[in-house]
Amino acid sequence: MFTRCQGVCPTMSANIKKMYDLYRGSDKVRFLSITVDPDYDTLEVLRTYADGFGVNDGRWIFARGPLVDVAVLWNMASCLMQAIYRRIILHLILVDDKGQIRGFYSYNDDDELTALRDNIRNLARSM
C-alpha cells in the first residue's frame, strides 16, 4: 500500500480495518501494512494515515523501508512485485506467530475475506 494511492489501497485498508475491529480485543492478532512509496510515506505521513483509521494501539503497524528490502519481503512470500513500476500486491497474507505463511487472500473478494476472518479466528484459538 501507499498513502497517496487512489486505486486499490483505500479498499484494501478498509477491509483490513474491518478485520482489525473484529479482533480489537485480541492480543494474539496483529496487522502490518508496508508502504511501497517510502520516499513520500515518512513515519509522520504513515502515522497520520493510521490516525485516519483510528489505529493507535500498536496492533496495526504501518511500516516503511527501502524498496529493495520491501521487494525481498514480497519475494520471500512468493508474491513477486516490481515496486519501481508501481505494481500493487493485491493479496492479504496471513502469517502465524512462527512466521509461517498460512494463506493468501484477495483484498476485494468477499468469500476470501470471510475465509481470512475465519482462518485468523482459528489460528488465534490455537495459539
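Start counting the sequence shown at 0; every next residue gets the next number (numbering that gives the first Met the number 0). Think of the CB as a built atom: it goes at the ideal place given N, C-alpha and C, for glycine as much as any other residue.
Whose CA, out of the options, lies closest to the CA of residue i?
i: GLU43; options: ARG29, ILE60, VAL28; result: ILE60
i: ARG120; options: GLY57, LEU66, ARG29, THR47; result: ARG29
i: HIS90; options: TYR48, GLY102, ASP96; result: GLY102
i: MET11; options: ASN107, SER125, ARG124; result: ASN107
In its own chain, which residues sit with a C-beta less than 8 Å from the C-beta of residue i, not counting the 5 before and 5 after it?
i: ILE87; result: Confidence is the limiting factor: at ILE87 the pLDDT is only 47, short of 50, which leaves the residue's position unreliable, though a coordinate-based value still follows. Answer for ILE87: MET0, CYS4, GLY6, VAL7, CYS8, VAL35, MET80, listed in chain order.
Short of 6 Å in beta carbon distance, which residues of its chain neighbour residue i, apart from the five on each side in sequence? Order them along the chain.
i: ILE83; result: Note on ILE83: pLDDT 35, under 50, position unreliable in the model; no value is reported.
i: TYR19; result: PHE30, TRP59
i: ALA62; result: ILE33
Starting from residue i and walking both ways along the beta strand (DSSP E), at which residues does that stretch end?
i: SER105; result: 100-105
Going by beta carbon distance, what residues of the same chain come within less than 7 Å of residue i, once the five residues before and after it are set aside?
i: LEU21; result: ARG116
Assess contact between the stretch 0-7 and the stretch 22-38, defined as three or more Cβ pairs (one per stretch) separated by less than 8 Å. Is contact present?
With a cut-off of 8 Å, the stretch 22-38 and the stretch 0-7 count as touching, because enough Cβ pairs lie within range.
Could I get the ranges of all uninterrupted beta strand (DSSP E) runs contained in the stretch 32-80, with 3 residues as the minimum, in chain order?
Whole beta strand (DSSP E) segments, 3+ residues: 59-62.
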